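One structure below.
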Amino acid sequence: MSPRQAQQDSDPKTDQEPASFEAAFSRLEDAVRKLETGPLSLDNSIRLFEEGMGLAKRCNELLSATELKMTRLQSAFAEQMRFVPEEFDDEPDDFDE
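Counting in the numbering used here, the sequence shown runs from 8 upward without gaps.
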């Protein structure tokens, strides 16, 4: 493997975990593309595979957190919509006149 290819295979971005789903997913796509198209050494292939698995896990964590947040928001909204103050329960409707 040439020094240039070794330099291309190593990516300094992999040292930190991406904060957003979009960033993690983009890096995951890059890793998959490199694995599918590039002639890589076994070590670099394993490194990219490990990175991809970590990124897939991160994407799953971010999606799960988002799903939980949406579920909580929906529950809170549904609870608000069911709220009827007791003072309004006993008043006759003026709409039927």
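Glycine included, C-beta positions come from ideal geometry on N, C-alpha and C. Here the structure is a predicted model, which means the values were calculated and not measured.
- The Cβ atoms of L62 and S52 lie no closer than 9 Å to each other.
- When secondary structure is reduced to three states using DSSP, L69 falls in the helix class.
- DSSP places L47 in no alpha helix (DSSP H); its state is neither H nor E.
- Between the region 71-89 and the region 45-59 there are fewer than three C-beta pairs closer than 8 Å, too few to call the two in contact.
- With a threshold of 16 other beta carbon atoms within 10 Å, L75 falls short and is exposed.
- Rounded to whole angstroms, the gap between the alpha carbons of E68 and S48 is 30 Å.
- For E24, the three-state secondary structure derived from DSSP is coil.
- Of the candidates M77, P46, E58, S82, E58 places its Cα closest to the Cα of E36.
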